[in-house]
Amino acid sequence: MGDFELLERDGLARVGRLSTPRGPLETPALLPVVHPDPRRQPIPPREIRQRFGLNALITSSYITYRSPELKERALAAGIHALIDFDGPVMTDSGAFQQHAYGHVEVGPTEILEFQNRIGSDIATVLDVFVEPSADHQEAEAGVRLTSERARAARKSREGLLAVPVQGGPYADLRAESAIAASAVGDVLAVGGVVPLLEQYRFAELADVIAAARPHLSPAGVVHLFGTGHPMTFAFAALFGIDLYDSSAYHKFARRNRLLLPDGTVALDQVRENWCRCALCDETPLTKVATLPDPEREVALARHNLLVSAEEMARVRQSIRDGTLWELAERRSTGHPALLAGLRTLKDHRTIFRSTEPESRRTYRETGLDSFRRPAADRWRERLDRAFPSSDLSPPTLRRVPLEPSYLARIPPSDDTGAPIPWHCPTPFGSTPIELIETYPVGPALAEAEFATGPGLGRRGTQVFDDVARAMGREYPWDRDWVPEWTRRQVVALLRFRYGNEVASEIPMAAWLGERSRRTGRLRWIRAGDRVLFQIGNDGIPRPTFAGAEWLAGVLPCDRERVVVDADAASFVGEGRSLFARFVRSADPTLVPGCTALLVDPDGALLAVGRLLLAPHEMRVMRRGIAARVTAHRHAPATVIEEGGSDEL
Ligand code: GUN
Ligand code: ZN
């Protein structure tokens, strides 16, 4: 397996780094398809790198091989010199020509050898292009032959190897092909989907990727052959596509079309100069429309490539921000077929489960479908476990009390001292009010506040009306219930995060919840002057070293732990990041973004750390960080609060 390092993530998308002989390649990356013959390439590859900031590209070793002139030059000077590009170059093998022309005139060994000789940075196995219309038998034969060739190719290639994943529309074959590719490939390239992309059959594409994706090694870089239209980037990125190869910028230009992140526009229809991208600013669109043929095509190709490069950068940014679902939902309004694709993707959302992060900074609703994200499933699952619906018996508040001061007014228990299970309706289902600040409910409601406009006061009053009605008697307006609510919230948060067994061990008399003076939100859980848990803006409690020591005492021996190799234990105990290759085992219920107990092989607590990887990824990733230490035994008080503790 090649050297891929994951740096940030959202959905199944990864901002990461692939090391290549010609420098690192940052993912997700757009690899423009470049014609190996400079005379047939509208934008010089050198310009693609310098002006468009695209550091890698893909070209066809097959076309190069088939042209005596190109072949000779490539063999003499290398593929980089031939196309005049000094960044990473991926070469394709000829399977696309099999799709386009029905045959390939080269053998798998010959074309791989050729790619080796011309200095390709990522060489592709000659696969069998399985059409979406293939029957199962034909598709199976294509998959088997592709896998056989891939195993042979691995033996004769030292550098990075791209192995296509075929299988047509058959989930069983896509899975088989994904497993076989993962065994030998550095780049795992989902293929045979060009017809689906060209015909906007995005729902079928979603079925195909969903069948393959869970079986692709997390250490591999995932490529999707033929994703060129920028409106598909966010959608494909959600599925964990790391590399995109695009000839769309040129193909659409040839057909006189402008690509945009939310669709396509025919140049003939353009009457206004609405694009002011750096290139259209030089030559306004209405002027482009009047240019003679080669120039017009080149101007359009430039616009198209710039828009595509920008969209890819936007995708990377939104992975870093944790807003990729929002971006994909917004893009899906660009075309009904894309909306159907995203809906189908959501039907497959269990494939997101193991890598779904614990929280994000925001949860923005963009449409009716916004509450069908994996975060909503995770929420319901955890809530059902910690608070069975029987615990959510009436009384209900009709509206969510968004002001923290509401707690001062709502009595937590009845006359006999029995707790009243107050809960409220939210887009994620009925929620105990102790948890309404917790992700995803809290961030979603904070956004919803804008949607419903001001008037918190009015809503607050409604809440109190509810309370008065539910109490069925004179409402005790004059009493401050906050200290009792604080205790209840401490228990509820730990119960939500760690389960009932842990929550029942809390020594309530010795512990104290502390609220932010500015916002009234619960921020710290203390024992005397020691902070045990910090509660971030996502409303999730995260342990300090002292908190982790307490957890270690009350949790069953594997839970919440990541076991660190003896070799790395002293480093981690001093606060260095835990690298994936030093992970011995991990509690499979941990998820990216959560804070885990990092222990040595004997179970001694070394540190607490925020996970970047899911447990099943830690074992297979050879590179990169598995967890960033937030507090350790030599500096137990050090607490790094990600996502901002705004009022410290
Ligand atoms: N280009 C577009 N689709 C494919 C495919 O399935 N395999 C290969 N090798 N190249 C492609
Ligand atoms: Zn433009």
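Residue numbers for the sequence shown follow this note's numbering, so the first one is 864 and each next one is one higher. Glycine residues also receive a C-beta, built at the ideal position from the N, C-alpha and C atoms. Quantities reported herein were computed from a predicted structural model and do not represent experimental measurements.
- Membership of Arg1007 in the alpha helix (DSSP H) is indicated by the continuous run 999-1018.
- Counted as a single uninterrupted DSSP element, the stretch harbouring Met1484 is not any alpha helix (DSSP H), since DSSP gives it neither H nor E.
- At least one heavy atom of ligand 2 lies less than 7 angstroms from the C-beta of Leu1142.
- Within the same chain, Glu968, Val969 come within 8 angstroms of Arg929 by CB-CB distance, once the 5 residues on both sides are set aside.
- Taking C-beta separations shorter than 6 angstroms and ignoring five residues to either side along the sequence, the partners of Tyr1063 in its chain run Ala1200, following chain order.
- Closest option to Glu932, judged by alpha-carbon separation, among Glu1412, Ala1470, Pro899: Pro899.
- Here the region 1354-1367 makes contact with the region 1245-1257; the two share three or more CB pairs at distances below 8 angstroms.
- In this structure, His1166 has its CB closer than 7 angstroms to one or more heavy atoms of ligand 2.
- With respect to the C-alpha of Glu1192, the residue from Ala1099, Ala1162, Arg1017, Asn1119 having the closest C-alpha is Ala1099.
- Leu1474 and Trp1340 have their C-alpha atoms some 45 angstroms from each other.
- Within the model, the alpha-carbon separation for Ala1074 versus Ala1034 is close to 5 angstroms.
- Pairing Phe1445 with Ala1431 gives a Cβ-Cβ distance under 8 angstroms.
- For Tyr1107, the enclosing beta strand (DSSP E) starts and ends at 1106-1109.
- For Met1371, the CB contacts under 7 angstroms within the same chain, skipping 5 residues up- and downstream, are Arg1350 in chain order.
- Short note on Cys1138: C-beta closer than 7 angstroms to some heavy atom of ligand 2.
- Taking one beta carbon from each stretch, the region 978-996 and the region 1122-1132 have fewer than 3 pairs nearer than 8 angstroms; the two do not touch.
- Contact check for Gly1472 against Leu1441 passes: the beta carbons are separated by less than 8 angstroms.
- A buried status is given to His943, since no fewer than 16 other beta-carbon atoms sit within 10 Å of its beta-carbon.
- Contact between the region 1075-1085 and the region 1045-1055 is present: 3 or more CB-CB pairs across the two stretches fall below 8 angstroms.
- Straight-line measurement puts the Cα of Asp1465 at about 39 angstroms from the Cα of Asp1254.
- Here His1086 is buried. Its C-beta has 16 or more other C-beta atoms within 10 Å.
- At a threshold of 7 angstroms, Thr1407 does not count as near ligand 1, since its beta carbon sits no closer than that to any of the ligand's heavy atoms.
- The beta carbon of Trp1348 sits closer than 6 angstroms to those of Leu1270, Pro1275, all from its chain and outside the five residues before and after it, given in chain order.
- For Phe1396, same chain residues with a beta-carbon under 6 angstroms away, outside a window of 5 residues either side, are Ile1388, Pro1404, Pro1406, Gly1410 in chain order.
- Using a cutoff of 7 angstroms, the CB of Gly1091 does not count as near ligand 1, since none of the ligand's heavy atoms is closer than that.
- Per the Cβ contact rule, the region 1168-1183 is not in contact with the region 1205-1222 (fewer than 3 Cβ pairs under 8 angstroms).
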